[in-house]
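Input: a single structure, listed below in structure tokens.
2 protein chains.
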Amino acid sequence: MDNIELLRPLVVPNASKIVLLVLDGLGGLAREPGGQTELEAAKTPNLDELAARSETGLHWPIGPGVTPGSGAAHLALFGYDPITYQIGRGVIEALGEDMDLMPGDVAARCNFATMDTEGRIADRRAGRLPTEINERLLKTLSTIRREGVEFVLKPGRGYRFVLVLRGAGLSDQVSSNDPQTNGLPPHPIRALSPEAGPTADAVSFFVAEANRLLAAQQPANTVLVRGFGKLPRFPTMSEAFGLHPAAIASYPMYRGLAKLIGMQVLPTGGTVAEEIETLRSSFASHDFFYIHIKDTDGAGEDGDFDRKVRAIEAVDAVVPEILALQPDVLVVTGDHSTPAVLKAHSWHPVPLLLHSRHGRVYGPGAFSERACYGGSLHIFRAVELMPMMLANAQRLEKFGA
Amino acid sequence: MDNIELLRPLVVPNASKIVLLVLDGLGGLAREPGGQTELEAAKTPNLDELAARSETGLHWPIGPGVTPGSGAAHLALFGYDPITYQIGRGVIEALGEDMDLMPGDVAARCNFATMDTEGRIADRRAGRLPTEINERLLKTLSTIRREGVEFVLKPGRGYRFVLVLRGAGLSDQVSSNDPQTNGLPPHPIRALSPEAGPTADAVSFFVAEANRLLAAQQPANTVLVRGFGKLPRFPTMSEAFGLHPAAIASYPMYRGLAKLIGMQVLPTGGTVAEEIETLRSSFASHDFFYIHIKDTDGAGEDGDFDRKVRAIEAVDAVVPEILALQPDVLVVTGDHSTPAVLKAHSWHPVPLLLHSRHGRVYGPGAFSERACYGGSLHIFRAVELMPMMLANAQRLEKFGA
Chain A
4 MDNIELLRPL VVPNASKIVL LVLDGLGGLA REPGGQTELE AAKTPNLDEL
54 AARSETGLHW PIGPGVTPGS GAAHLALFGY DPITYQIGRG VIEALGEDMD
104 LMPGDVAARC NFATMDTEGR IADRRAGRLP TEINERLLKT LSTIRREGVE
154 FVLKPGRGYR FVLVLRGAGL SDQVSSNDPQ TNGLPPHPIR ALSPEAGPTA
204 DAVSFFVAEA NRLLAAQQPA NTVLVRGFGK LPRFPTMSEA FGLHPAAIAS
254 YPMYRGLAKL IGMQVLPTGG TVAEEIETLR SSFASHDFFY IHIKDTDGAG
304 EDGDFDRKVR AIEAVDAVVP EILALQPDVL VVTGDHSTPA VLKAHSWHPV
354 PLLLHSRHGR VYGPGAFSER ACYGGSLHIF RAVELMPMML ANAQRLEKFG
404 A
Chain B
4 MDNIELLRPL VVPNASKIVL LVLDGLGGLA REPGGQTELE AAKTPNLDEL
54 AARSETGLHW PIGPGVTPGS GAAHLALFGY DPITYQIGRG VIEALGEDMD
104 LMPGDVAARC NFATMDTEGR IADRRAGRLP TEINERLLKT LSTIRREGVE
154 FVLKPGRGYR FVLVLRGAGL SDQVSSNDPQ TNGLPPHPIR ALSPEAGPTA
204 DAVSFFVAEA NRLLAAQQPA NTVLVRGFGK LPRFPTMSEA FGLHPAAIAS
254 YPMYRGLAKL IGMQVLPTGG TVAEEIETLR SSFASHDFFY IHIKDTDGAG
304 EDGDFDRKVR AIEAVDAVVP EILALQPDVL VVTGDHSTPA VLKAHSWHPV
354 PLLLHSRHGR VYGPGAFSER ACYGGSLHIF RAVELMPMML ANAQRLEKFG
404 A
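These protein sequence lines are chains A and B, in that order.
So the first sequence is numbered by our numbering: it starts at 4 and just counts up by one.
So the second sequence is numbered by our numbering: it starts at 4 and just counts up by one.
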């Protein structure tokens, strides 16, 4: 049975406050065998002290060995089984570019690419096009018009952009033209279900028009489109868990994802101090607060071990300010691991502490991967965090008689 | 795949003996941060010694964060997935009052309540009616007659009683008249599926007649009915696991539940010593023994930490007598946690030891929450205990080729 089906009938709202502090990409790896991870190397006196009076453990964002995208990993932390509640990559990309998707829209992630004179894709990323050229070329493509469908475009970084199709009766059951490797011609766009015919035609039309308009350009003389998806209709956190939640995040993708499940996205500055100030000023108005810290992940993706250490230490410094608000439940964790040595998201379980009045505390006295492996929560799936947070906030009734 | 579907084809009966000793509500919490739980505070030399040569761990009765009712928690210990095998609350209540339910019966849990002159429920519990008055009023209600259906009544404690409808073609798809909060009129009783019409009519008739008969009574001048359920047809433990099981329990609910899954309920006195004597005298006749100890839960529910400690110590004293019978597998655990500090069932994982010749033993030398968190079984779902018991009794064949 789905988490939400199981928990929804048990929910009893009360006045408790839950704070979920997510250090994006928190989990790490040592630079050499026997060395310390980023979190172990960081000086975190406040988190260490808190861990000593909290339950600790680690979570698999999706399941053993599975490296998650940020969207899926966050959904799991919010109690949505990421295997049941999937979101098309185009939608994640659109949310990440702060586009306001409407029900029925179909979003796709796109690349500018280079096609050779024989019609083969010579470079799927158009020589890692600078963003300025991307923006200029998209102005040209924005002149493409077709009866019954609107093409909404938004540049991303470098060679990437988002295409949103808006109109009646659109479908996301459309195949990509991306051959996935250089040296092959683009695939034809196909309808993957009967009702997707008109959408496939519209996308084919868009690609043909783009090829015509970009013909004289080098290196970006074609476009690849993929990851078609529609804005899904998920139960809100209020419907699923009886919460009145708020999101404190400055990056568009996280704000968009939070909105998708009914969180109120609070206006906030993007520094850690500004986010904590937003928490403080809105603490009376909500009962569940998701705070997102992006710097840890950015440093990990850049392979910058020391910068990730400093990003963790910056969060440690504000922990007393969060505790001063006396939340009933405080969880500190990451959405996934981003070890600097891998310069990428990874599958490694993510350290976590859960602080409440009702924990069984045999604290290791440190917040680190090593200490969390010995913690009382052991290793669990991220989707199991929400029932534990709700239980510790005494927001769940008994199951069964 | 369901536990039972998975295991049933693997079962190979043999002469081994399994004893499952359930201390109801065993799991606990410390009274102050860093303090000891009830089990940690109890002097349990025999359990500690046994833990040192057993596998230990903890179980989630249902899943992370979920607080179970006793029925659901016990079913899980017996190998029945409590989410698949659900029992209506009325049925649990009827079993708890030692009523003999027959296939087709529909049981409901009921309250005497107070209705004001405007037809609103002024007190859903009729001023927490004394049991003696409850018994007297039920004699009056037992005169209610209707063609084709029998109303069987049994008083519970205080304001509570059980109504069983007996007859042909009854359904449990009937809505409650309980408005859930004081100050609202009772809901009309409705059929929730087409075939439930006659049952809804019979319940409405019973409520109307009760109102007429109780009109002059104060404070109990009406009745609220809810939790309609039918005796489910579950596979017996013999069908599912090839066992010939016996239950040693003195409380009606546990005896009724055991009967529901085909255990033979042995006549027994209710003290720990009497229950162990029953185990000894019947040890040759069965291969699976469920022994239920109620005092631990009662003390926890009363918030009496010290009495729960003494109840645990009383069980520790008889452990040598159980071991003297040389069961092949002995499990000591609880069905759920009932920390005295919460005065209620809770979600916390429940300590467990599993003793057999075939364990991997790295014993902590103590039976306590703290020690079990470091045990080799880690934290698992209660429904996973049955396959472990059967395996240790060498009652399961290989799965797959």
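C-beta atoms are modelled at their ideal positions from N, C-alpha and C, and glycine is treated no differently.
For residue i, the three-state DSSP class (helix, strand or coil)
i         : result
A/Asn-114 : strand
B/Glu-100 : coil
A/Ser-253 : coil
A/Glu-153 : strand
B/Asp-51  : helix
A/Pro-74  : Looking at the sequence shown, residue 74 of chain A is not Pro but Gly. Note: A/Gly-74 maps to helix in three-state DSSP.
A/Thr-274 : coil
A/Val-318 : helix
A/Ala-125 : strand
B/Lys-142 : helix
B/Lys-311 : helix
B/Pro-330 : coil
A/Leu-216 : helix
A/Ala-261 : helix
A/Thr-299 : helix
B/Ser-196 : coil
B/Phe-291 : strand
B/Val-228 : strand
A/Phe-209 : helix
Residue i: contacting residues in chain B (beta-carbon distance under 8 Å)
i         : result
A/Ser-379 : Tyr-376
A/Lys-401 : Thr-70, Pro-71, Gly-72 and His-348
A/Leu-387 : Checking the sequence shown, residue 387 of chain A turns out to be Glu, not Leu. Residues of chain B passing the Cβ test: Gly-66, Pro-67 and Gly-68.
Chain A contact residues for residue i, given Cβ-Cβ distances below 7 Å
i         : result
B/Arg-92  : Ala-404
B/Arg-373 : Tyr-365
B/Leu-32  : His-361 and Arg-363
Option nearest residue i by Cα separation, candidates the options
i         : options                                       : result
A/Leu-140 : A/Pro-106, A/Ser-207, A/Ala-218 and A/Leu-356 : A/Ala-218
B/Pro-222 : B/Arg-112, B/Ala-116 and B/Thr-40             : B/Ala-116
B/Ala-276 : B/Glu-324, B/Lys-262 and B/Gly-245            : B/Glu-324
B/His-295 : B/Gly-74, B/Phe-164 and B/Pro-330             : B/Gly-74
A/Tyr-101 : A/Thr-87, A/Pro-255 and A/Leu-32              : The residue asked about is misnamed: residue 101 of chain A is Asp in this sequence, not Tyr. Measuring from the Cα of A/Asp-101, the nearest candidate turns out to be A/Pro-255.
B/Glu-405 : B/Ala-302, B/Ala-327, B/Gln-329 and B/Leu-328 : An answer regarding residue 405 of chain B cannot be provided, because it is not within the stretch 4 to 404 covered by chain B.
A/Ala-404 : B/Leu-9, B/Pro-85, B/Leu-10 and B/Ser-19      : B/Pro-85
A/Phe-208 : A/His-62, A/Phe-154 and A/Glu-52              : A/Phe-154
A/Ser-349 : A/Gly-337, A/Arg-258, A/Ser-359 and A/Met-4   : A/Gly-337
A/Gly-378 : A/Leu-9, A/Ala-55, A/Leu-23 and A/Ala-33      : A/Ala-55
A/Ser-340 : A/Pro-71, A/Pro-16, A/Glu-52 and A/Leu-9      : A/Pro-71
A/Pro-16  : A/Tyr-365, A/Val-322 and A/His-289            : A/His-289
B/Glu-469 : B/Leu-10, B/Arg-215, B/Ala-213 and B/Ala-171  : What is shown of chain B runs 4 to 404, which leaves residue 469 of chain B out entirely.
A/Pro-182 : A/His-247, A/Asn-114 and A/Arg-131            : A/Asn-114
Chain B contact residues for residue i, given Cβ-Cβ distances below 9 Å
i         : result
A/Ala-394 : Pro-67, Gly-68, Val-69, Thr-70, Ser-349, Trp-350 and His-351
A/Leu-9   : Ile-65, Gly-66, Val-69 and Ile-86
A/Pro-390 : Gly-66, Pro-67, Gly-68, Val-69 and Trp-350
A/Arg-313 : Within 9 Å Cβ-Cβ: nothing; A/Arg-313 doesn't reach chain B, min ~32 Å.
A/Arg-56  : Pro-36 and Gly-37
For residue j and residue i, believed in contact at Cβ under 8 Å, the rounded distance
i         : j         : result
A/Thr-40  : A/Ala-374 : Contact flag wrong, Cβ pair sits at about 11 Å.
B/Ser-174 : B/His-190 : In fact, because the Cβ distance is near 18 Å, the residues do not count as touching under 8 Å.
B/Thr-299 : B/Leu-29  : 6 Å
B/Gly-68  : A/Met-105 : Between A/Met-105 and B/Gly-68 the Cβ distance is about 36 Å, and since that is not below 8 Å, they are no contact.
Environment of residue i [buried if 16+ CB atoms lie within 10 Å]
i         : result
A/Asn-6   : buried
A/Asp-108 : buried
A/Asp-309 : exposed
A/Met-266 : buried
A/Tyr-293 : buried
A/Lys-233 : buried
A/Lys-46  : exposed
A/Gly-186 : exposed
A/Asn-224 : buried
A/Arg-163 : buried
Listed by chain order, chain A residues near residue i by CB distance under 9 Å
i        : result
B/Ile-95 : Gly-403 and Ala-404
Proximal residues of chain A, C-beta to C-beta of residue i below 8 Å
i        : result
B/Ala-75 : Phe-402, Gly-403 and Ala-404
B/Gln-89 : Gly-403
Contacts of residue i in chain B (Cβ-Cβ under 7 Å)
i         : result
A/Phe-383 : Pro-67
A/Met-4   : Ile-86
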